[in-house]
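Okay, so here's the structure we're looking at.
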Amino acid sequence: MSSFFQNKVVAITGGSEGIGKALIDLLIPMGAKIATCGRTYEKLYNLQMEYTNVMLHTVVADVSNEQDCKKFIDSTIKTFGGIDILINNAGMSMRALFKDSSVDVIKKLMDINFFGTVYCTKHALPSLIERKGTIVGVSSIAGYRGLPGRSGYSASKFALQGWLESLRTELMEDGVNVMWVCPGFTASNIRFSALNNKGEATGESVMDEGKIMPAEDCAKYILNAIEKKKRTMVLTFQGKQTIFLNKFFPSLADKLVHKFYYKQGKLVK
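Right, here's the structure in full:
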């Protein structure tokens, strides 16, 4: 068990389930001081009941709301004295063709996936600079390659990675490491909560959830990348292959991505 996270204050958005919850499950035994937020009080309450023996700071917050983000960050600093690691994990996906979708769907995804990270990072930045900490953005292969049926999701992840790359360069002399991780298909609730063309949760997954990476495995890779102060991390061979093909053989990537997501002219994934 690594001692790197001992007594480190780690703020994680979207920590009540999926990758965020898996990160908390791994970090608490390592001696980290955890703060997390989520939109659902009941899920946060259940999380606290699971860890009644440790100081786990939870805040009900919607990251698309800047004041909620400020409340989460300010209360974390007040509780623990500062923030060493900020993991911007909260996110939402979509599964709908752009031609059938409301523009509000795109805006909602940008507000959560992009601006949620901007808000939390902005308010945590003075503490992160003071402690020479780490900023993490949980991104996606969709941040390297636009995916059909996920136009708004892809846009938010492209924006996220470009912004984090700028921030990484700005903070080089401040000793703050900025990184983004791309888990690929990971077992989480993100596909069940993916927005349809009306901006409502689909409530189902079109992937075989039993054959994709468990959230715990993904969390282990993320923590290892944080400890090693990596720049980026892409998980799964499929993810690395997609990025490689899209960079060097974009036309081929177009065809392969289309073949993966479509069947008989219909979006099936």
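The opening position of the sequence shown corresponds to residue 796 in my numbering, with each subsequent residue numbered one higher. Every residue gets a Cβ at the ideal spot worked out from N, C-alpha and C, and that includes glycine.
Under the three-state DSSP convention, the category residue i falls into
| i | result |
| --- | --- |
| I1007 | coil |
| Y846 | coil |
| K1025 | coil |
| L959 | helix |
Chain-order list of residues whose beta-carbon lies under 6 Å from that of residue i (same chain, five-residue window excluded)
| i | result |
| --- | --- |
| P770 | Since the displayed the chain opens at 796 and closes at 1064, residue 770 lies outside it and no answer follows. |
| L842 | S811 |
| D895 | N992 |
| I901 | G947 |
| A954 | F909 |
| Q801 | G826 |
Among the options, the one whose alpha carbon lies nearest that of residue i
| i | options | result |
| --- | --- | --- |
| K816 | L839, N802 and K803 | L839 |
| Y948 | G957, W958, V804 and S934 | S934 |
| F1043 | K894, V858 and Y939 | Y939 |
| I1038 | D820, V1052 and R1026 | V1052 |
| K903 | A1048, K866, E995 and K1035 | E995 |
| D820 | A1048, L1040, D895 and A1010 | A1010 |
| I882 | A954, L822 and Q801 | L822 |
| T997 | G944, M967 and K1035 | G944 |
| V854 | E861, L1047, F867 and L959 | F867 |
Whole-angstrom distance between residue j and residue i, CA atom to CA atom
| i | j | result |
| --- | --- | --- |
| S888 | L990 | 6 Å |
| I1007 | K1050 | 23 Å |
| V849 | N884 | 22 Å |
| G766 | K1054 | With the chain covering 796 to 1064 only, the question about residue 766 has no answer from this structure. |
| G1085 | T916 | Residue coverage of the chain in this structure runs from 796 to 1064, which leaves residue 1085 outside it and unanswerable. |
| S951 | G833 | 19 Å |
| R986 | I936 | Residue placement at R986 cannot be trusted, given a pLDDT of 48 that sits under 50; what the coordinates show is reported in the next sentence. Distance between the alpha carbons of R986 and I936: 15 Å. |
| D863 | K1015 | 28 Å |
Spatial neighbours of residue i in its chain, beta-carbon cut-off 8 Å, leaving aside the 5 residues before and after
| i | result |
| --- | --- |
| L797 | Note that residue 797 is Ser in the sequence shown here, rather than Leu. Closer than 8 Å at Cβ, skipping near neighbours: M825, L1018 and E1022. |
| K927 | D969, G970 and V971 |
| D869 | H918 |
| S859 | K903, D906, I907, F910 and G911 |
- Item | Inside the segment 904-946 only - beta strand (DSSP E) runs reaching at least 3 residues | As far as the segment 904-946 is concerned, its whole beta strand (DSSP E) runs of at least 3 residues are 929-933.
- Item | Start-end ranges of the alpha helix (DSSP H) lying completely within the segment 841-906, minimum 4 residues | Whole alpha helix (DSSP H) segments, 4+ residues: 861-875 and 898-904.
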